[in-house]
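Novice: Before anything else, here's the structure in question.
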Ligand code: HEM
């Protein structure tokens, strides 16, 4: 059935309910917002171009904290650094619950570190952080893994001999391989058919999850779930990935040496065995599969999409690319392998990466939070279980912190002496207790992948810079850059 037919049906059902029930249900003393209709919520006031645009328009009328009814359920929106910080940091525990994303809920069902709540989330987060910090467990550090992976990529890019490429698959492969090496203890070749299938499933799913139809699904999932649509494809894709992880876990079981865990899965299996007599233990198969899936999804799409936007921006602004080349040549030169220690000596490159993340605005409406108890916030009462969206876009584009936020300008992250200047509204990884668990790894990856690629290659576009369009392909849960072509031109003989 067409999307418009769904909407029409939803509209008619809503109007019938309106006649039958009269007033919408009211909750606590929620922040103000546009008047909702029963079932439809604020659908009729929404912008056709998606949730973010609608929220920004509501903000103009209702201020930084307001309530929007996504279908029948109220969601409190937080805009601007101040409101987001007051909630996620000043009342950290209360705002640390995780809300649902309707389109992936049937898969995760509250399992795995991203979508868990309460004690389950605390246990899985603590374990994931500690285990990821440990790997390489006295063996290879994450930095070394990233350096090695970047070198594999450089070899692949050499083989392209400067021919035009869609860079998506390259960036996916290397970011996925970092997670593979931590979680599975191995990396995959860039042409391994099983790996390519996995990457395609992730890419297609992230695109579908960020699409307009997923945003409509978010509003009316209770009704739309009975019909065919994007949600069924997302479900199928994520189930296929889960089965792949399941097979890898089985192989780990067969080869496990409890005295020498090799990766995240080994460490988890050892813990699972230790707690097998405890019926309340969170270390069971389901949490393992969905935590691994969460780490993959959160760790692959995010960093690779940022790299993709980043290189598009360098094609659009060649003078910025030239300044990075200059800094790399001065600090590292053509032969030495870049390391994290170089970051402190490369403020310009660091500033560009910050600006790519700010401008790229990867997760514009944040991941949904949920209040864990009845909460008093700015004079309102938010009942336990209410969802809260920290609109990260509103901090990353706050003109009070970033002059002319719509302009891509890395210099905003430099002080008068050319040193990196921190900005407190730079929160692409969010803040508070749910802050991105992979921030450290992501920052290492972004820095090392950018400079190792640019140390070895110059990049070129078939289009004139002024014709390069930065308009995102999708702008929902994720903001995705348009598809583009790029050539990687070796800077010296290999
Ligand atoms: C540029 C890269 C990345 C960005 C911009 C990013 C951003 C985010 C954001 C905004 C959240 C939601 C925080 C909240 O709920 O308020 C998040 C959560 C999360 N991220 Fe990342 N992320 C990135 C890379 C990664 C990587 C590489 C990993 C894994 C190695 C990762 C793992 C996670 C996990 C597990 C969560 C859920 C944390 C929880 O619910 O406790 N992320 N990330």
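Residue numbers (mature numbering (1 follows the signal peptide of the UniProt record, and there is no 0)): -22 to -1, 1 to 472.
Built from N, CA and C at the ideal position, the CB exists for glycine as well.
This one's a predicted model, so the numbers in the text were calculated from it and none came from an experiment.
Quick one, are the C-beta atoms of residue 94 and residue 355 less than 8 Å apart?
Specialist: Locating residue 94 in the chain shown gives position 116, counting from the first residue. Locating residue 355 in the chain shown gives position 377, counting from the first residue. No, the Cβ-Cβ distance between residue 94 and residue 355 is not below 8 Å.
Novice: Measure from the alpha carbon of residue 158 to the alpha carbon of each residue in 136, 226, 445, then state which is nearest.
Specialist: Looking up residue 158 in the chain shown gives position 180. Answer by Cα proximity: 226.
Novice: So, for residue 483: in the same chain, excluding its five sequence neighbours on each side, which residues have a beta-carbon less than 8 Å away from its beta-carbon?
Specialist: No information on residue 483 is available, as it lies outside the stretch -22 to 472 that the chain covers here.
Novice: At a cut-off of 7 Å, is residue 416 close to the ligand HEM when judged by its beta-carbon and the heavy atoms of the ligand?
Specialist: One-based indexing of the chain shown puts residue 416 at position 438. It does: the Cβ of residue 416 is within 7 Å (strictly closer) of some heavy atom of the ligand HEM.
Novice: Mind pulling the beta strand (DSSP E) runs of 3 or more residues that sit fully within the stretch 297 to 369?
Specialist: For the stretch 297 to 369, whole beta strand (DSSP E) runs of length 3 or above, ordered along the chain, are 353 to 355, 358 to 360, 365 to 369.
Novice: Please state whether DSSP places residue 53 in a helix, a strand or coil.
Specialist: Taking the chain shown and counting its residues from 1, the one referred to as residue 53 is at position 75. Residue state, collapsed to three classes: strand.
Novice: Any idea which residues DSSP pairs residue 143 with across the strands?
Specialist: One-based indexing of the chain shown puts residue 143 at position 165. DSSP output for residue 143 lists 464 as bridge partner(s).
Novice: Considering Cα atoms alone, identify which of 391, 228, 318 is closest to residue 335.
Specialist: Taking the chain shown and counting its residues from 1, one reaches residue 335 at position 357. For residue 335, the nearest C-alpha among the options comes from 391.
Novice: So, using beta-carbon positions, are residue 439 and residue 293 closer together than 8 Å?
Specialist: In the chain shown, the residue the question calls residue 439 occupies position 461. In the chain shown, the residue the question calls residue 293 occupies position 315. Going by C-beta atoms, residue 439 is nearer than 8 Å to residue 293.
Novice: Nearest to residue 447 by alpha carbon, out of 121, 244, 183, 290?
Specialist: Within the chain shown, numbered from 1, the residue matching residue 447 stands at position 469. Per the Cα distances, 290.
Novice: Grouping DSSP H, G and I as helix and E and B as strand, with all else coil, what is residue 420?
Specialist: As a position in the chain shown, residue 420 is number 442, starting the count at 1. Note: residue 420 maps to helix in three-state DSSP.
Novice: Under three-state DSSP, which class holds residue 269?
Specialist: As a position in the chain shown, residue 269 is number 291, starting the count at 1. Helix at residue 269.
Novice: For the stretch 394 to 458, list the beta strand (DSSP E) runs that are entirely contained and at least 3 residues long, ordered along the chain.
Specialist: Taking only runs of at least 3 residues, the beta strand (DSSP E) segments lying wholly in the stretch 394 to 458 are 435 to 438.
Novice: Would you tell me roughly how many angstroms separate the C-alpha atoms of residue 221 and residue 306, rounded to the nearest one?
Specialist: Counting from one through the chain shown, the residue named residue 221 turns up at place 243. Counting from one through the chain shown, the residue named residue 306 turns up at place 328. For residue 221 and residue 306, the distance between alpha carbons rounds to 43 Å.
Novice: In whole angstroms, what is the alpha-carbon distance linking residue 172 and residue 218?
Specialist: Here the question's residue 172 lines up with position 194 in the chain shown. Here the question's residue 218 lines up with position 240 in the chain shown. In a straight line, the C-alpha of residue 172 is about 11 Å away from that of residue 218.
Novice: Along the chain, which unbroken stretches of the alpha helix (DSSP H) at least 4 residues long are found entirely within the stretch 207 to 283?
Specialist: Entirely contained in the stretch 207 to 283, the alpha helix (DSSP H) runs reaching 4 residues are, in chain order, 208 to 233, 242 to 252.
Novice: Any idea which residues DSSP pairs residue 392 with across the strands?
Specialist: In the chain shown, the residue the question calls residue 392 occupies position 414. In DSSP, residue 392 forms a bridge with 398.
Novice: Taking the alpha carbon of residue 418 as the reference point, which residue from 453, 25, 110 has its own alpha carbon closest?
Specialist: Residue numbering aside, residue 418 sits at position 440 when the chain shown is read from its first letter. The residue with the shortest Cα to Cα distance from residue 418 is 110.
Novice: Starting from residue 48 and walking both ways along the alpha helix (DSSP H), at which residues does that stretch end?
Specialist: Numbered from 1 along the chain shown, position 70 holds the residue referred to as residue 48. Where residue 48 is concerned, there is no enclosing alpha helix (DSSP H), although the beta strand (DSSP E) it sits in stretches over 43 to 48.
Novice: Could you check the C-alpha separation between residue 139 and residue 468 for me, to the nearest Å?
Specialist: Start at 1 with the first residue of the chain shown, and residue 139 comes out as number 161. Start at 1 with the first residue of the chain shown, and residue 468 comes out as number 490. C-alpha separation (whole angstroms): 8 Å.
Novice: With DSSP run on the structure shown, which of helix, strand or coil describes residue 7?
Specialist: Taking the chain shown and counting its residues from 1, the one referred to as residue 7 is at position 29. Of the three classes helix, strand and coil, the one that applies to residue 7 here is strand, per DSSP.
Novice: Quick one: what's got a C-beta closer than 6 Å to residue -1's C-beta in the same chain, skipping five residues either side?
Specialist: Translated into the one-based positions of the chain shown, residue -1 becomes position 22. In this prediction, residue -1 has a pLDDT of 37, which is less than 50 and means its spatial position is unreliable; what the coordinates show is noted afterwards. Excluding sequence neighbours, residue -1 sits near nothing in its chain.
Novice: If you drop the 5 nearest sequence neighbours on each side, which residues of the same chain put their C-beta closer than 7 Å to that of residue 323?
Specialist: As a first step, residue 323 must be located in the chain shown, where it is residue number 345. So the qualifying residues of the chain are 309.
Novice: Are there any heavy atoms of the ligand HEM lying less than 7 Å away from the beta-carbon of residue 373, as far as the coordinates show?
Specialist: One-based indexing of the chain shown puts residue 373 at position 395. Checking every heavy atom of the ligand HEM against the Cβ of residue 373, none is found closer than 7 Å.
Novice: Based on Cα-Cα distance, which residue from 365, 273, 243, 428 lies nearest to residue 262?
Specialist: The residue labelled residue 262 in the question sits at position 284 within the chain shown. Of 365, 273, 243, 428, the residue nearest in Cα terms is 243.
Novice: Go through its chain and collect everything with a Cβ distance to residue 211's Cβ below 7 Å, but skip five positions before and after it.
Specialist: By 1-based counting over the chain shown, the position of residue 211 is 233. So the list reads 186, once near-sequence residues are dropped.
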